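Novice: First to last, the sequence lines map onto chains E and W. Residues are numbered in the numbering used here as their position in the first sequence, beginning at 1, plus a constant of 1399. Residues are numbered in the numbering used here as their position in the second sequence, beginning at 1, plus a constant of 3. All residues carry an ideal CB built from backbone N, CA and C; glycine is no exception. Computed from a predicted model, the values in this text were never measured in an experiment.
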Amino acid sequence: MLFILNLLFSVVKKMCVALPGLVIETDGIVGKVDFQGNILNVNMAIVDAKVGDYVLVHAGCAIEVVSKTRAEEIAQLFAELESVYNES
Amino acid sequence: MNLEKIIKFLSTYDGEEIRIMEVCGTHTASVFRNGIRSLLSPKIRLISGPGCPVCVTPSAYIDKAIEWALKPDCVLVTFGDMMKVPGTTKSLNEAKADGANVKLMYSPQEVINAASENPGKTYIIASVGFETTAPTYALILEQLEEKKINNVKLLTALRRVPPALEYICETDDTINGFIAPGHASAILGSNIYHKVAEKYRRPFVIAGFEAEHIVLAIFDLVKQITKQKHQVRNLYPSVVKPEGNVIAKSYIDKYFEICSAYWRGIGVIPDSGFSLRQAYKCYDAGSDLLHSENEGMLGKCRCGEVILGKINPPECSMFRKVCTPQNAKGPCMVSPEGTCGIWYRFTKVED
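#1: Please report the Cβ distance between I47/W and I21/W, rounded to the nearest whole angstrom; I am assuming they are in contact, meaning their Cβ atoms lie under 8 Å.
#2: By how many angstroms is the C-alpha of I10/W removed from the C-alpha of A63/W?
#3: Tell me whether P273/W sits in a helix, a strand or coil according to DSSP, three-state version.
#4: Buried or exposed for L144/W, please, with buried defined as at least 16 other CB atoms from any protein chain shown within 10 angstroms of its CB.
#5: Starting from A137/W and walking both ways along the beta strand (DSSP E), at which residues does that stretch end?
#6: Where does A282/W land, buried or exposed, given buried means 16+ other C-beta within 10 angstroms?
#7: Quick one: what does DSSP say T159/W is sitting in, helix, strand or coil?
#8: Is DSSP giving L6/W helix, strand or coil here?
#9: What number of angstroms, rounded off, separates the C-alpha of V1429/E from the C-alpha of I1423/E?
#10: Kindly indicate if chain W contains any beta-carbon less than 8 Å away from that of N1440/E.
#11: In the DSSP assignment, find the alpha helix (DSSP H) that holds M336/W and state where it starts and stops.
#12: Can you check whether the CB of T60/W is closer than 8 Å to the CB of V131/W?
#13: May I ask which residues mark the beginning and end of the beta strand (DSSP E) holding E201/W?
#14: If you drop the 5 nearest sequence neighbours on each side, which residues of the same chain put their C-beta closer than 7 Å to that of S14/W?
#15: Would S110/W pass as a contact of G1459/E if the rule is Cβ separation under 8 Å?
#16: When burial is assigned at 16 or more other CB atoms within 10 Å of the CB, is A355/W buried or exposed?
#17: Under three-state DSSP, which class holds I1493/E?
#18: Examine chain W for any beta-carbon lying closer than 8 Å to the beta-carbon of G1459/E, and answer yes or no.
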């Protein structure tokens, strides 16, 4: 759990990565997005996403809707990359 | 052709040397993580280009940010990867240790909330990034306007990817093709690359971040280069549309106009930045003219050549010896997305 939190916070603070999450609430302007159990407020204004969609979130802002499969692939890749950052 | 055959082709390629540039820190990291260099023939070389917005931010910008953070009743808010970037004399991290008011942000929304609760304080948002991040700042401006919040200002060093690619094509004819960035392209769209591909006759392939994507992109580029083609190919269509994210682009266009901008280690690239439009200059924290001062690199730092892909980090005499992520001398080592930072962490994995 701590690992996921670390991953989440270290990734969201970087500027050229986008992390996928599940939309659990949205009014089209702001929403709540679930990143593997951690729920964060996200700006939804530039995507057409509804509850149940996966979105790529960059700098607190959802930038694109992605499929579940793609979301899982990206999350897996960042988990691997992050494990290397934490080793060094 | 299946992946196995593609890898065989790439590992046994024996034609003229091919140099492919990737311009996204996450691609660079994935190339290392997946050992992709070791799959390629020595005749196929991957070069890391300017894929990190933090690394190209001028030191004069950091100085200005520190200046704000030292003013009474001012708070400078920033994403974490800016903290260690060296200014002329110190980084934001060092300034913070000396008492400057620097705070980390997860999302700009929290800054807007803090600003409305504390009208006596001025919040300066360090607004750095490529097209991927620019919409975030545009959305902040929209809220500031709507809620009539006047104690938030933006110190901008926003950079545009396509003019930088054009600059590299113009000045370096040894790069034969490009792996275009994934996330910046989600905003920009694949069509944006047609002009530069056509003008400089270099192929562009947009790829995702998984190993297979990158291998396929390299294969496509090698095929195109050997056949002297220069098409734009989108291998990431599930995320990148031909027209990009139209809403995001219209937000950027509403608040920002194109300007020339200084890239640390490179110099001024025409039309490569965004600055606030005249109507929104009241939200600007003095972002203009932050690129004409002395922008020399520290000591023997060769980040300028690293950013342009002219050398690999180990060719710099400071790399891994006096310049490490813990004690970074150059901007490319500072950010986890910077080329030197990535090489530092991953070369031992691959070796």
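Specialist: The structure says:
#1: 5 Å
#2: 45 Å
#3: strand
#4: buried
#5: Where A137/W is concerned, there is no enclosing beta strand (DSSP E), although the alpha helix (DSSP H) it sits in stretches over 137–149.
#6: exposed
#7: strand
#8: helix
#9: 11 Å
#10: yes
#11: 334–337
#12: yes
#13: Taken as a continuous stretch (DSSP letters only), E201/W belongs to no beta strand (DSSP E), being part of the alpha helix (DSSP H) at 197–203.
#14: L42, L43, S44
#15: yes
#16: Residue 355/W lies beyond the residue range present for chain W, which begins at 4 and ends at 354; the question has no answer from this structure.
#17: In the structure as shown, chain E begins at 1400 and stops at 1487. Residue 1493/E is therefore absent and cannot be evaluated.
#18: yes
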